[in-house]
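Undergrad: First the structure, then my questions, so here it is.
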Amino acid sequence: MQVPTAPRYLPLPHRLGWVLALLALVTTVYLGSNYFPMAAPRALPRTAVDLALGWRAWTIWPYWLLLVLAPVFIVSISDRRILLATLRAYAASMALNAAIWMIWPTHAVRQTLPSDLDPATDAAWRLLYFLDGSNNCFPSGHITAPIVAVAGFCAQHPRARRWAWPAVVVLFPSVVSTGQHYTWDVLGGAATALLALAWVRDQLHAPA
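FYI, the numbering for the sequence shown is 42 to 249, going by our numbering.
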């Protein structure tokens, strides 16, 4: 008797359901530990890169774009094996981040918004400040998520590497220039992403 095998490619509604469920869990943990830290958050020292980038109000737009791109890339993975490996890497990397947020919480000093921002930019900033607290800076989940997402997307679509990686990497400075993170946070977020991707490497790149 032949055992039916799971379909190789998943329909979009299934992918959306899995991704949204995992995002909801991660967001709950992130916001909970952000607003109710287990210890007094500390600020990491600024680096020369932080000082050079400064604070740029307009970079709220690439910052928001970076947040949106990560789930878009993951939902665009239709290969079942690659999607599951990507979701495992995402869950593992965010679990590492969450452990650090809880054990060793950090925070960033937020910029007071100028009064002369255009209405759209002002609204984008106020939405960010309303939704997100100033803690959970190291490691940066806003760096972890897109690295894992693009790695998974490019595992299914190798030719996309030439544009997918530049599309997200060029947005990385916005997490610093918005004052949401420091350079150390970016490095930490990249490190947890790479560790998780190394863990699922065989699953991510197994022959079809």
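Every residue, glycine too, gets a C-beta built ideally from N, C-alpha and C.
Quick caveat, the model's predicted, so the values are computed rather than measured.
1) Could you pull the start and end residues of the alpha helix (DSSP H) that His183 belongs to?
2) Expressed to the nearest angstrom, what Euclidean distance is found between the alpha-carbon atoms of Ile144 and Tyr76?
3) Put His148 into one of helix, strand or coil per three-state DSSP.
4) Using a Cβ-Cβ cutoff of less than 8 Å, which residues in the same chain neighbour His55 once the five nearest sequence positions on both sides are dropped?
5) Who are the Cβ neighbours of Met135 in its own chain at under 6 Å, not counting the five residues just before and after it?
6) Using a 10 Å radius around the Cβ and a threshold of 16 neighbouring Cβ atoms, would you call Gly95 buried or exposed?
7) Pick helix, strand or coil for Tyr170, following the three-state DSSP scheme.
8) Less than 8 Å between C-beta atoms, sequence neighbours within five positions excluded: which residues of the same chain meet that for Thr147?
9) Output the residue ranges of the beta strand (DSSP E) runs that lie fully inside the region 42-115 and measure 3 residues or longer, sorted by chain position.
10) State the DSSP-derived secondary structure class of Asp163, mapped to helix, strand or coil.
11) Out of curiosity, what's the CA-to-CA distance linking Ala149 and Arg49?
12) Please report the Cβ distance between Ser215 and Tyr104, rounded to the nearest whole angstrom; I am assuming they are in contact, meaning their Cβ atoms lie under 8 Å.
13) How about Thr127 and Val241: do their beta carbons lie closer than 9 Å?
14) Pull up the DSSP beta-bridge partners for Asn176, would you.
15) Let me make sure I understand the geometry here. Which of Ala231, Leu137, Ser156 and Ile188 has the alpha-carbon closest to that of Ala208?
16) Is the separation between the beta-carbon of Ala205 and that of Phe213 shorter than 9 Å?
17) Could you tell me the distance, in whole angstroms, from the CA atom of Ala234 to the CA atom of Ala186?
18) Determine the contact status of Tyr223 and Arg87, defining contact as a CB-CB distance below 9 Å.
TA: In brief:
1) Gly182 to Gln197
2) About 14 Å.
3) Looking at His148 - three-state DSSP - the assignment turns out to be strand.
4) none
5) Val67
6) Result: exposed.
7) Looking at Tyr170 - three-state DSSP - the assignment turns out to be helix.
8) Pro82, Arg83, Ala84, Leu85, Asn176, Asn177, Cys178, Phe179 and Asp226
9) none
10) helix
11) Straight-line Cα distance between these residues: approximately 44 Å.
12) 4 Å
13) yes
14) His148
15) Residue Ile188 is the option with its Cα nearest to Ala208.
16) Not a contact, by the Cβ cut-off of 9 Å.
17) 7 Å
18) yes
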